[in-house]
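A.B. asks: With the first letter of the sequence shown counted as 1, position 63 gets the number 62 in numbering that gives the first Met the number 0; the numbers rise by one all the way through. My questions will all concern the structure given below.
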Amino acid sequence: MGTNNSKKLIRRGRIIRYAPLVLWVAVIFTASSTVGASKNTSMIIRPLLEWLFPNEPAAVIDAYHNYIRKLAHFTEYALLGFLAARAYWNSSFRVLRRFWFGWAFLTVFAIASLDEYNQSFNNLRTGSFYDTLLDASGGLTMILALVLYHRISDFGFRISDFSKSTRSDKG
């Protein structure tokens with residue numbers, strides 16, 4: 000009976016780790032369809048930009064719209080990088096846990112490549128290798144930020160542990 004409960008806990012842990020990652024990939028591929036086409040996003044973003052910048056010419060508004068779209072790509076893949084790193088960092092599979100950085104980046108790059116490949120079949124979208132690089136750089140930026148965070152927090156714990164031990168030695 001104990002074995003059955005531990006299997007349930009392992010299964011529940013995997014769902015908690017991987018479900019957000021899988022759901023976010025589904026969101027990315029949904030946005031990769033005509034839903035995320037410039038023509039459709041401009042119906043929301045363009046009026047907002049025209050309200051914020053009423054004196055700007057249409058070409059400038061178009062440029063702002065393009066920047067916002069590129070920033071959205073970077074951000075959605077940064078979140079993908081976070082979710083992939085989180086899933087692999089805590090994985091019950093040793094190889095995923097040990098090489099979480101590589102697996103997380105491989106996941107980001109694979110999804111970015113498939114996303115752009117998928118867009119190449121859509122008349123309203125354009126698949127671009129440069130967009131793949133932009134997407135992958137969003138994921139890589141987040142993964143590197145997580146590495147930095149873990150290194151700093153580990154260092155912080157080491158310093159505080161050292162401080163406690165030296166204080167007790169003096170006492």
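Glycine included, each C-beta is placed from N, C-alpha and C at the ideal position. Computed from a predicted structure; not experimentally measured.
If you run the structure through DSSP and keep just helix, strand and coil, what is Leu-123?
C.D. replies: Leu-123 falls in the coil class under three-state DSSP.
A.B. asks: Going by the CB atoms, is the gap between Ala-111 and Tyr-148 shorter than 9 Å?
C.D. replies: The answer is no: Cβ separation not under 9 Å.
A.B. asks: Return the CA-CA distance between Leu-133 and Gly-12, expressed in angstroms with no decimal places.
C.D. replies: Those two C-alpha atoms are separated by around 32 Å.
A.B. asks: Express the C-alpha separation of Ile-44 and Val-8 in angstroms, rounding to a whole number.
C.D. replies: First, the residue type needs correcting, since residue 8 is Leu and not Val in the sequence shown. Their Cα atoms are separated by approximately 44 Å.
A.B. asks: Counting along the chain, where does the alpha helix (DSSP H) carrying Phe-104 start and finish?
C.D. replies: Here the alpha helix (DSSP H) through Phe-104 covers 99 to 118.
A.B. asks: Only counting the same chain, and skipping five residues up and downstream in sequence, which positions put a Cβ closer than 7 Å to that of Ala-103?
C.D. replies: Closer than 7 Å at the Cβ level, and outside the excluded window around Ala-103, lie Gly-80, Ala-83, Ala-84, Tyr-87, Ile-142.
A.B. asks: Got a sec? Which residues, its chain only, sit under 7 Å from Ser-127 by beta carbon, not counting five neighbours each side?
C.D. replies: Closer than 7 Å at the Cβ level, and outside the excluded window around Ser-127, lie Glu-115.
A.B. asks: Let me confirm a value: Trp-50 is counted as buried when at least 16 other C-beta atoms fall within 10 Å, else exposed. Which label applies?
C.D. replies: By the neighbour-count rule (16 or more Cβ atoms within 10 Å), Trp-50 is not buried but exposed.
A.B. asks: Measuring straight from C-alpha to C-alpha, what distance separates Arg-150 and Asn-122?
C.D. replies: C-alpha separation (whole angstroms): 45 Å.
A.B. asks: How would you label Ser-5, buried or exposed, when you count the other beta carbons within 10 angstroms and need 16 or more for buried?
C.D. replies: Ser-5 is exposed by the Cβ-count criterion.
A.B. asks: Give a yes or no on whether the C-beta atoms belonging to Phe-73 and Ile-60 are separated by under 9 Å.
C.D. replies: No, the pair does not count as a contact, with Cβ atoms beyond the cut-off.
A.B. asks: Where do the N-terminal and C-terminal ends of the alpha helix (DSSP H) with Glu-174 fall, by residue?
C.D. replies: Outside the shown range of the chain, which is 0 to 170, sits residue 174, and nothing can be said about it.
A.B. asks: Are Leu-139 and Val-107 closer than 9 Å when you measure CB to CB?
C.D. replies: Cβ atoms of Leu-139 and Val-107: closer than 9 Å.
A.B. asks: Measure the Cβ-Cβ separation of Asn-89 and Phe-28 and say whether it is below 9 Å.
C.D. replies: Contact flag unset, no.
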